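774 is the number of the first residue of the sequence shown in this note's numbering; add one for each residue after it. The structure under discussion appears below in the form of structure tokens.
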Amino acid sequence: MNRKTLLTVSLACMGTIPAFANEPPVPKELYGSYAPAGDCTKQPKVSVRKEGVFIDSSAGKSGPLPVSVCYSCAGGARYEGIEIWVYVKYGKDKWGGDNMPVTLMFNAGEKRGALEITHDDTLRTPLGAPMTQLVKAKTLRQCRAAQ
774 MNRKTLLTVS LACMGTIPAF ANEPPVPKEL YGSYAPAGDC TKQPKVSVRK EGVFIDSSAG
834 KSGPLPVSVC YSCAGGARYE GIEIWVYVKY GKDKWGGDNM PVTLMFNAGE KRGALEITHD
894 DTLRTPLGAP MTQLVKAKTL RQCRAAQ
């Protein structure tokens with residue numbers, strides 16, 4: 774391959790990078806609000822929208838949260854179900870990887886609209902008051918009406 778062809782291919786590939794960078798952090802099918810028993814007048818509440826994932830609790834608001842989405846974590850590489858895991862990032866671990874102590878499992882147990890929150894406290898990462906309240910709630914449901 775000559776230099777001109779290599780340069781053309783390289784520039785063409787670089788043109789695709791912004792398209793990936795502009796994708797929303799969480800898939801559209803999860804957009805909406807989630808609260809205890811699906812009642813958005815209650816807190817804590819998780820809102821998922823184009824701008825990201827947000828928490829609203831009596832201890833305050835937080836977001837957009839830095840997240841990483843996993844489409845196959847609920848069942849492995851061949852998983853084809855509806856459960857989607859969203860890991861919340863909290864800095865780096867001692868090996869330089871993302872520290873993700875909180876997992877939001879949307880459509881948990883293959884139940885559309887169910888949200889289960891899990892917390893791995895192995896590294897004793899301080900979560901802040903809004904996230905701590907969310908972790909204590911453990912389960913939320915998608916709100917019945919747009920609120």
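Cβ coordinates follow ideal geometry from the N, Cα and C atoms, glycine included. These numbers come from a predicted model, not from an experiment.
Is DSSP giving T912 helix, strand or coil here?
-> Walking along the sequence shown from the start, residue 912 turns up at place 139. In the three-state reduction of the DSSP assignment, T912 falls in the strand class, which pools E and B.
Beta-carbon spacing of P903, I857 below 8 Å = Residue numbering aside, residue 903 sits at position 130 when the sequence shown is read from its first letter. Residue numbering aside, residue 857 sits at position 84 when the sequence shown is read from its first letter. No. Outside cutoff.
Pick helix, strand or coil for G882, following the three-state DSSP scheme.
-> Against the sequence shown, residue 882 aligns to sequence position 109. G882: helix per DSSP, three-state reduction.
Return the chain-ordered ranges of every alpha helix (DSSP H) run that is complete within the segment 818 to 893 and spans a minimum of 4 residues.
-> Within the segment 818 to 893, no complete alpha helix (DSSP H) run reaches 4 residues.
Grab the span of the beta strand (DSSP E) containing G805 for me, first residue to last.
-> Residue 805 sits at position 32 when you count from the first residue of the sequence shown. Unbroken beta strand (DSSP E) run through G805: G805 to A808.
Closest to Q816 by CA distance: which of L907, R917 and Q915 is it?
-> Walking along the sequence shown from the start, residue 816 turns up at place 43. Just measuring C-alpha positions, the residue of L907, R917 and Q915 sitting nearest Q816 is L907.
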